[in-house]
Each structure stands twice: as structure tokens, then as C-alpha cells.
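*Asks:*
Numbering (the UniProt record's numbering), first residue to last: 1 to 1094.
#1: Compare the beta carbon distance of residue 354 and residue 390 with 7 Å and say whether it is the shorter of the two.
#2: In chain order, what are the residue ranges of uninterrupted alpha helix (DSSP H) at least 4 long that sit wholly in the UniProt domain "NACHT" (487-627)?
#3: With H, G and I counted as helix, E and B as strand and the rest as coil, what does DSSP make of residue 846?
#4: Where does residue 1036 fall in DSSP's three states?
#5: Counting only runs of 4+ residues fully inside the region 307-331, write out the alpha helix (DSSP H) ranges in chain order.
#6: Look up residue 1089 in the DSSP assignment and give the residues it is bridged to.
#7: Please state whether the Cβ-Cβ distance between residue 860 and residue 430 is less than 7 Å.
#8: Please state whether DSSP places residue 401 in a helix, a strand or coil.
#9: Do the region 264-275 and the region 224-242 touch if we need at least three Cβ pairs shorter than 8 Å?
#10: Is it buried or exposed, residue 716, if we count other Cβ atoms within 10 angstroms and call 16 or more buried?
#11: Assign residue 1094 to one of three DSSP states: helix, strand, or coil.
#12: From this set, 656, 629, 647 and 880, which residue's C-alpha is nearest residue 675's C-alpha?
#13: By Cβ distance below 7 Å, which residues in the same chain neighbour residue 726 in space, the five residues on each side in sequence not counted?
#14: Where does residue 865 land, buried or exposed, given buried means 16+ other C-beta within 10 angstroms?
#15: With DSSP as the reference, label residue 1161 as helix, strand or coil.
#16: Would residue 768 pass as a contact of residue 742 if the rule is Cβ separation under 7 Å?
#17: Nearest CA to the CA of residue 287: which residue from 761, 1055, 480 and 701?
#18: State whether the region 216-227 contacts the region 242-260, with contact taken as three or more CB pairs (one from each stretch) at a distance under 8 Å.
#19: Specify the secondary structure class of residue 1046 as computed by DSSP and reduced to three states.
#20: Quick one: give me the first and last residue of the alpha helix (DSSP H) that residue 183 is part of.
#21: Would residue 734 pass as a contact of residue 822 if the rule is Cβ separation under 7 Å?
#22: So, for residue 512: in the same chain, excluding its five sequence neighbours on each side, which residues have a beta-carbon less than 7 Å away from its beta-carbon?
#23: Given a threshold of 16 other Cβ atoms within 10 Å of its Cβ, counted over all protein chains shown, does residue 27 qualify as buried or as exposed?
#24: Along the chain, where does the alpha helix (DSSP H) containing residue 951 start, and where does it finish?
#25: Thinking C-alpha only, which one of 960, 917 and 169 is nearest residue 852?
#26: Taking the straight line between their C-alpha atoms, what separation do you get for residue 475 and residue 206?
#27: Whole angstroms is fine: what's the gap from residue 909's alpha carbon to residue 597's?
#28: Under DSSP, the alpha helix (DSSP H) around residue 260 begins and ends at which residues?
#29: Within the region 360-397, note down every full alpha helix (DSSP H) run reaching 4 residues or more, in order along the chain.
#30: Which partner residues does residue 207 have in the DSSP bridge list?
#31: Between which two residues does the alpha helix (DSSP H) holding residue 246 run?
#32: Report the three-state DSSP secondary structure of residue 912 (helix, strand or coil).
#33: Determine the extent of the alpha helix (DSSP H) in which residue 805 is found, giving its start and end residues.
#34: Between the C-alpha atoms of residue 804 and residue 242, what's the straight-line distance to the nearest angstrom?
#35: CA-CA distance, residue 442 and residue 122?
#36: Got a sec? Which residues, its chain only, sit under 7 Å from residue 644 by beta carbon, not counting five neighbours each side?
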């Protein structure tokens, strides 16, 4: 009531806020208020705060908090005599929708029943929060930039080597200091396109350009002189064109050559002739015998060039222009667009020779192609982005080691491009900042925003793979629309399609229950769904946005169901029902708690909970024990053979291919033993890529998922080699969250067993792994990998635990030890070969080369190195080393960890360390409790670490016995008393002290222990949902609590309660009549209370 306003005024306020554009100050610190509405003022920047221990600004002093930090929506009084202070520590207006909703007669407003008005969110955020996946087309924001190099492989080799040595390392470090990742993508360096056994260079190049331009994260350097690049054979030719061309070939040997390499694809529609992989006839090209690889490569080059020459003679002009082009020519066509914004992100570097003898060559098709491409670039780019360098011509070519003028030329190229590329990077960063500053306020915190995008995008994709099963859908529909109050447990064998089923349910649930909010989490998809604590917090944060709670409530979920999520669910009403879907509760990471004590037997009204779990797992047994006697289990069976066959046909249809009758019968035979969704998907991929292999070797095809994965990887080996594949898979298996592109290239550049094979045992001038090979590896491993966005970086990871388990077996069979991969990754994050340290090219060699690996400090300038902070402790634990002293009790490490990562990541480190202990470590227990209590504050601003430690442990260490029993924490506390960075330390005991650990209890138990933050007689902390100061009385404040049904008057100076009125019916707001009398909104009634008399 008191917070209501007219619709007209609400519209004016909203228009005024939009007109201001939501600008944020430069260098704004990320605050907890990211998730709160700002009324007329602008929200702060959602960028991760820059942090510098020597110059960081002082953190804000956290105001006296409720001990749980789980207050309900903080109402803003409308009386001028009263001002409001948020219980969560931010002097801001309340969560969305808690103010400004008009009261409608005879109908309860959202505000009256405590629900926020989601119309205040932008439309795409509304769709995310409500779980409407059909309305979501947003991509997660990135802090990545891709520098794409468009060039011919043989041209400008010396220049690009110099850029790799002198320019790219500087730019990578410079970008990292700005809080971004720079991926240098030169797919034309290292090996020629003809060296890819599957002829995929054009596809890889164009897909990379398309991907990063779509994300507007692309900078392009075109290195184009007088060579347009080698012409490549077309990968496919329509059947009529190929056969009519063959009629023009008179030499039978030439015809045999073409039919040797081009095979008719009868599955394609229309049918085409397809260029076969090189290993079809020269398997040694992917082998590890260097001399055999050289011979095979030379033979293939010779035959390929011969076919290109013949094609040039027999194809019509139109077909020549379409099929006989170079990759560089196609790249230039793509780069030249009508978008002026994209033109600003392109540089064209040209080398022009002086003193070069005149050429007598007449105009040729190749010359015309060069001229045409140059005209396109000339017309597209402004003169300031065309860089021309002159150098004297020598027959020996450019040789900076022997010609001084060549060295000067190379220096000029590097210096100029360093400056110009730096300007392009700065321009893109400035665009990002301005876009963010003018972005409409989201209304939810950025980590939740990114999590929802990734979860619901995955649901969009997976729901398309679901085969309509009316019986299963009807069963779930009856549960959602019915009156059952217990959770629904969907169980089935591994790979039977439960995830696609849940994705389909997410899509359909809002049509079955139109007003319902759908909260879906696919466990293991992201870092925030990998552990039980992160999963519950993420779900709770979404519920906070839906039901008007401060997001600090979500961080309390870690203590118990009864303290966090269940209290949120009590706010669910028939006006906004809630459906929670958790897919794969058995897929939690191995370092996660899996007690499941939070799972209730009975749900509050208007709440539905659906959980999927695999048959035969410990998690299913625990659930059966917790829900014993409940009629809530639903068995989801694998698809039938007909359904699995339909899945394969659908997959082929996406590539415009179809099964022949013989292939259809063959696949039906394979599916008789295993028709699971995972097996049929893999079989479909093999049918798509290697149908002939399946037909010719039908008897050897494995009839189960594990065997088929082994068989698939064996074929990948035949294309890329076993050494490369096992090395990459080993790294992906042991990484905690995955590996980004630049990291993988650094790691591969330090692995000489791989490099020796790639470079045929020779010693290249620049010893780096070719980016094109990593792109090819990702393409081949696509069925087993996925990406997630974490900290603005795109990380490649194994897609599910089932594949991780099978791949670990595969690596073991190949003799590859997991611990070796862990050591490689740990060495990288320790910076073993960074900062110019030269690595020997072999264990027995005295010769060493710099690998130009990015160093791994704790922070790049003011930006903490999040990747190192999150991955390194996990890797050290896998090496059976202790992380206690160097990580958990190192104040500097913790400070950077909190500033650059999430407090829950530290809790995961602690959990992993505790599992290695044989007895309880009290200091670790105290640290864990401290992080629990401070998690929301530290997630909002990690530089509050010292202030939080000082405020929470001040009284604790006033006892000398505690100082002697907790020496490691006492040392960190002493540092917090005189912190190394500016900090506002509380002068009183306003923060709750961490106590002894309270074990998690079953939320279904009748005798639950108190939550760690529950009021006790000897503590000066009490829960409240609103805190008000009285204008005429500077010495007192008033708090209300709709949880304990109390109004409390506080003496501010003594920090003590002086009046307490209990039994108030859900007080929600106060309007002071005078100093002593207050008008209180109790649920939906107005009552007058005298603060002295009651």
C-alpha cells in the first residue's frame, strides 16, 4: 500500500530511467546491487571489478546485516520521515516489483502478495527468468577477441613468423591486462591446406570468420601481396557436372585418378561426388613415421595438382569460378561487407618489392583473380587501414638474418602492426564499454544472466532431438497439472534420452501451466551447475528474481534446504506457480557434495519438482531412501528401434542426406542390441561421415555405446594421429572447467612429441602448434565436447560424465596416464615455460626454443587471472599435493581468488582438500564457515575480504586460546588488521562470527537443528526484512521481520534491541505517524502500533 504509486507516475519514472541510458561510471566496481532496481538512478557497471592490491579503492563498509542475509523483499516507506536501508548491505531500492504496483480493488496486486512485477525487466530477461525457451535468442556476453589472419600459406611466411615472435605475445598480454582474452587465429600458418587429410580448410576458415563476426568479436589482418593462394580441389561436385566433365577427359589414367579420389554419395540429395580423405589411399599421411608421412604427402600433392589442372581445362567458366578458388579469395569476399562497423576492424598489409626485375608474364586467370580481390579491398577499406611496406627484392627472398635492410623491414612491419592492432583492440574494448553503459538494466546479476542463457540455449537445441513420445509426455503433464505434492523422480538407463526429454518438458511446461515459471538446470553443463552448492544457489537466485527476494538469500541455500530454497518456495502462489527441473543429479562433479539432504518429501503448494537420475547409481538409492513410501518414481525407457532409426534419419536429413534401403536395414540390425538415444546419435554421426566403412565392415561395428566411442576415436586417430588425439583428450579430461583456445595452443606448443610429427621432425623457426590443426581436432571431437562461457571465456570441455568415463578408459588402453596430463596443465598454470623460458626440443637435446607461451601471474595488471585461480588448486590436489598452506591459508592468494573468482570456487577447493584428510582440521572448518557467511559480500566485491575477516573474527581472536589454536587463520586476521589495500574496517561487532560447523540435516526430519544463522540468546544479530531510521530520532531505528512476525526498536549507539513486539501478522511496511506511532502494513491489513506501548 505504502509503496504503491499511480500507473502514470510509474510510466514517467520508467521513461526517465530509459532516457538516462543506464550509464555506468568508468572503473565502476561490481556490487551486489547489480541485481537490484535503481529507480531513477543508473545501475553500476556489470564488469568484473579491476583489482590492484596497491591501488584498489577501499571497499564499502557493509552495514549491519541480518545474520542470515536472507531477508525478504525490502520495502521502501513512502513517508518523508522515514528512510530505508537494505538489510543486504546496500542502500538501494528493493528488488524489482516491490514498489510502484498500483492497487486494484477486489483483486490482490502483485505487490500486495509480495511478488515482483516482472514487466520491469527487459523482454529477453523476462523470457530467461520465466524459462520461456522459445523466446530466447540471446548469446552470453564474452570477454574474448579473435584476431584472424587471412593470408596465403606460402606468402609472407617470414613476416608472420616475426609477428608470432614479436607482436602477438605483446598483444595477448596487453589484452589480458584489459580483462580480455585474445585468440590469434592464423589457419594458414604451420601446415599448408593440402596437409589436412579431410580437405576441411575452407570450411574451418569460413566457419571461424562467421562465428566471431556474428559475435562482433572479430578483428581481421589481411596479408595479401601478389599471391592469391593455392587453388584447392572442390570437396563436392554435383553428379551431372562431374560426369559430364569426365566425358571430356580423354586419358583413361586421368579418369581413373578422378574416380580414385571422387566417390558418388548416393545418400546426398541431390547426389554429389565427394572428394575422399587422403588417408583413404595414403594412410601413412596421418601416421607417426616421419619418412612415410613425407612420401605420402608428396604423392598426394602431385596427384592433387594434376586433378586441379585437368579441372581447369574441362569445367565451364562458371563452374571454374565457383569450384576452383583459393581460401584467401573466399576470405576476402567474406570480409568485404556493407557494414561500416566491420570495416573499422580490418587491416590490409601489403609488401611491395623495389628493384624487382620486370616480369614478362601475360595476363592469366590467376592474375585476374588477384586484381579482382585487390579492387574489393581498395574499395572497402579507408586509406588509414591499408598498410604498405617497401623492401628491396632479393632472389634469396626476405632474409632478415643476412640482410640488414630486410631486418629493418621486418622491424617496421612489427612496430607498425603492433600499434595499429592495439588501436583496433582499444576500439573494440571501447565499443564494449559504451554498449554496456547504454544497455537497458537487466534486473538480475550478470552470473545468473549468463547461466540462464547457457541453460536455456542447451534446452532449445536438445528439445529438437526429442522424439515425440506421447505416453511419457502425458505422464509428466498429469504431474504438473495435478495435485501431487511430492517430487517426480524420472529414472532410466544411461543414454536413454532423459536430458532431451527434460528439454522438451521445459519447452512444453508453460503451455500446460500457462502462468508457471520454469526453472531448469542441466547438471554439469556449466560451472554453476557442476556442484550441489552451486546448483542450489543458481536455482535460488532465479527464484529470488521471480519472488522478490534479495539475491543474498540464495547464498544461504548452502546451509540447508530449510534455511534457503524452501523459504523461497513458501512465497510461491497460484498467481505464479513454479516448476523446477533438475536433469542428471547423478552428474554432479566428483569434487561436489552429493548428500541430497535438501530433497523434500513434500513440496509447498503450487510447486513442482522434477529430477532425473540414472538407474543403478548411488544417487538413485539415496533418493529412494529419502522418499521411501512416496509414489513419485517414473521409469523412462530407451527409444524403440523405430524411434532410434527415425533419430538417425532426422540427423542425416539436417545434412541433406538419406539412407539407402540396405543402409537402413543394416542400422536396424545394429539397434537391436542397443537403441539408446546416445548410441543411435553416435551411429547416425558415423553413418553421416563413414557410411562406406559401416557397410564394408558391418560385422566389426560395436553394438554398445562404449565400443562405438572407441571405434569412433579409432577413426579419428586414422585422420589426426594417436599422439595428438590422446594428448588433447587427456587435457580435456583433467581440466576442472575446460580449456580455452589460446591455452590449448600454448599447451600443444610445449608438447614436442606432437610437434615433431606435425613438422616432419624438422625444426621450424617458430615452434608453435598450427591453429588449423586445433580447429580440425575440435571438428572431429565434436560429438564428445561442448563449450561453456565462464568469466567471459569460451571453454572447451567433455560434454558429459558418461563420455568422460569412456574416454578415460580409452586413454588407459592407449597407455596415456591421466597424471601426466595433470602435470602438463599444472606446469602451464605455474608458468613453467612462459616469460621467454626456452624449452628443449626433446628430453635429450641441448637445443631449446621459446614457445611464446602467455605467462600466468596471479593477476594481469588490475585483473585477477581467473583461469589460474580456479584450475590450479584442483590440479595440485590431483597430483596428491597439499593446497593448505600455499592456497587456502595464503592471504594474498585468497584476496586474488575472491576478487577474480567466486567464493563457491574456494569452497570447492576446501571440499576437495577435506576429502584428502584422515581427521578434522579445525582451522579449515573455521575458514569454510567464514567463507559461507561472507559468500554473498565477497561475490559482490572480493576486495572486502580483509574487512569481512576483521569484522567476523575480531571477537573470536580476542580470546588468546583461539589465537593459539588457529595460528594460520590468526596470521591472516593480523593481516586484515593492517590490510595491504585500502579497506573500511567496522568499528563494532556488526558481522556475525563464524561458529562451529552445523551438519546438514534431512529437510524432512521433524527435529531439525537450527540454521547457522538462527538467533541465539548470546548473539547480537537478529533476522529482519526491513530496516528504517526515524528522522526525528537519531538514536533509534526500527526493523520489521515477516519471518519472525516481529517489530524491533534498536538503540543505534548501543547496538541493542530496546523494544520488541511479537505476534505481528507478517509486517511488510511501516509509515510513521509521529515519533512513537507507526502505521504498519500487516499482510494485507493496516494497523496502528505504539512503539513504546505496543
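By construction, the Cβ of each residue, glycine as well, lies at the ideal position given by its N, Cα and C atoms.
All values derive from a computational prediction rather than experimental measurement.
*Replies:* In terms of the structure at hand:
#1: Residue 354 is a Cβ neighbour of residue 390, given a cutoff of 7 Å.
#2: Taking only runs of at least 4 residues, the alpha helix (DSSP H) segments lying wholly in the UniProt domain "NACHT" (487-627) are 498-512, 532-547, 552-555, 565-569 and 618-626.
#3: The DSSP-derived three-state label of residue 846 is coil.
#4: The answer is strand: DSSP assigns residue 1036 an E or B state.
#5: Under the rule that a run must span 4 or more residues, the alpha helix (DSSP H) segments found entirely inside the region 307-331 read 317-323.
#6: Bridge partners of residue 1089: 1078.
#7: The Cβ atoms of residue 860 and residue 430 do not sit closer than 7 Å to each other.
#8: Of the three classes helix, strand and coil, the one that applies to residue 401 here is coil, per DSSP.
#9: Segments in contact, yes.
#10: Classification of residue 716: buried, given that the 10 Å Cβ count is 16 or more.
#11: The answer is coil: DSSP assigns residue 1094 none of H, G, I, E or B.
#12: Distances from the CA of residue 675 to each of 656, 629, 647 and 880 were compared; the closest alpha carbon is that of 647.
#13: Cβ-Cβ distances below 7 Å link residue 726 to 811, 814 and 816 in the same chain, with the five nearest sequence neighbours on each side left out; the list follows chain order.
#14: Of the other Cβ atoms in all chains shown, 16 or more fall within 10 Å of the Cβ of residue 865; this residue is therefore buried.
#15: The structure shown has nothing for residue 1161, since the chain only spans 1 to 1094.
#16: Remark: C-beta atoms of residue 768 and residue 742 do not approach each other more closely than 7 Å.
#17: Measuring from the Cα of residue 287, the nearest candidate turns out to be 761.
#18: Segments in contact, no.
#19: Note: residue 1046 maps to strand in three-state DSSP.
#20: First-last for residue 183: 181-185, but that is the beta strand (DSSP E), not the alpha helix (DSSP H).
#21: For residue 734 and residue 822, yes; Cβs fall inside 7 Å.
#22: Non-local C-beta neighbours of residue 512 in its own chain, meaning closer than 7 Å and more than five positions away in sequence, comprise 477, 480 and 481, ordered along the chain.
#23: Confidence in residue 27 is poor, its pLDDT being 36 and thus under 50, which makes the residue's placement unreliable; the coordinate value appears in the next sentence. Label assigned to residue 27: exposed.
#24: For residue 951, the enclosing alpha helix (DSSP H) covers residues 945-953.
#25: Checking every option, the nearest Cα to that of residue 852 belongs to 169.
#26: Near 45 Å, if we compare the C-alpha coordinates of residue 206 and residue 475.
#27: Residue 909 and residue 597 have their alpha carbons spaced roughly 21 Å apart.
#28: Boundaries of the alpha helix (DSSP H) around residue 260: 252-261.
#29: With a minimum length of 4 residues, the continuous alpha helix (DSSP H) runs that stay inside the region 360-397 are 365-380.
#30: When beta bridges are read from the DSSP output, residue 207 appears opposite no residue.
#31: That run of the alpha helix (DSSP H) goes 239-247.
#32: Reduced to three states, the DSSP call for residue 912 is helix.
#33: Its alpha helix (DSSP H) spans residues 801-813.
#34: Pairing residue 804 with residue 242, the inter-Cα distance amounts to about 43 Å.
#35: Between residue 442 and residue 122, the C-alpha separation is close to 6 Å.
#36: The beta carbon of residue 644 lies closer than 7 Å to those of 671, 675 and 680 in the same chain, with the five residues before and after it left out.
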